[in-house]
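S.K.: There's a structure below that I have some questions on.
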Amino acid sequence: MSTRYLSVIGLMVISILIAFSGCINPRKGYAPEQPIAFSHQLHAGQNQIPCRYCHVSPGEGPHSSVPGANTCMNCHTMVLPQSPEIQKIKNAWETGKPIEWVKVHDLPDHARFSHSPHINFGFDCSECHGQVNTMDVVSTQNEFNMGWCVDCHRDPKHNASVDCVTCHY
Numbered sequence: 055m056s057t058r059y060l061s062v063i064g065l066m067v068i069s070i071l072i073a074f075s076g077c078i079n080p081r082k083g084y085a086p087e088q089p090i091a092f093s094h095q096l097h098a099g100q101n102q103i104p105c106r107y108c109h110v111s112p113g114e115g116p117h118s119s120v121p122g123a124n125t126c127m128n129c130h131t132m133v134l135p136q137s138p139e140i141q142k143i144k145n146a147w148e149t150g151k152p153i154e155w156v157k158v159h160d161l162p163d164h165a166r167f168s169h170s171p172h173i174n175f176g177f178d179c180s181e182c183h184g185q186v187n188t189m190d191v192v193s194t195q196n197e198f199n200m201g202w203c204v205d206c207h208r209d210p211k212h213n214a215s216v217d218c219v220t221c222h223y
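Below you can see the structure in the form of structure tokens.
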């Protein structure tokens with residue numbers, strides 16, 4: 055094979071990877087359909103349930119957990135138990151089958167992110183996730199890309215590392 059042919063193939067592969075990189079990292083406005091209709095506006099907004107009631111331990115580790123059916127049923131054994139959407143949760147709770155929530159905020163596999171240093175620094179969830187308490191359907195409010203992260207890390211008041219290995223494997 056000629057060097058020119060291999061160069062063309064290499065450029066095509068790189069172009070395809072760049073084109074599909076947006077699929078790996080959801081852009082601003084990404085709002086996937088969820089298996090159960092859930093209004094953050096109702097729960098976090100109107101009812102003022104704090105983020106950490108459902109999304110436990112963001113300050114203790116890399117991930118902020120997605121709630122299981124047992125968390126929902128803490129209230130919904132008494133609150134609207136006959137609702138069709140609550141019945142889906144109740145079914146998961148009774149069978150022990152996890153709810154297959156679709157991840158809204160995601161990063162490429164080569165990026166490492168931990169909620170704990172951000173939460174422990176004092177950031178509020180809304181600084182990255184937006185005003186979720188006003189959203190019926192949660193969507194990404196920021197472009198979670200390297201430029202967006204580096205802009206914040208370079209701000210001297212945050213005293214954050216800009217060393218590549220802080221975020222990349």
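Sequential numbering from 55 applies to the sequence shown in this note's numbering.
Cβ coordinates follow ideal geometry from the N, Cα and C atoms, glycine included.
For C182 and N196, which I take to be in contact (beta-carbon distance under 8 Å), what is that distance rounded to the nearest angstrom?
M.R.: 6 Å
S.K.: Confirm, please, whether the CB-CB distance from H169 to P116 is below 9 Å.
M.R.: With a cutoff of 9 Å on beta-carbon distance, P116 and H169 are scored as near each other.
S.K.: Are the beta-carbon atoms of A85 and T194 separated by less than 9 Å?
M.R.: yes
S.K.: With contact counted as at least three CB pairs below 8 Å, one residue from each stretch, are the region 120-130 and the region 158-167 in contact?
M.R.: no
S.K.: Taking its Cβ as the centre, do 16 or more other Cβ atoms sit within 10 Å of C218, making it buried, or is it exposed?
M.R.: exposed
S.K.: Where does H159 sit, in a helix, a strand or coil, going by DSSP?
M.R.: H159 falls in the coil class under three-state DSSP.
S.K.: Is A165 helix, strand or coil when you go by DSSP?
M.R.: strand
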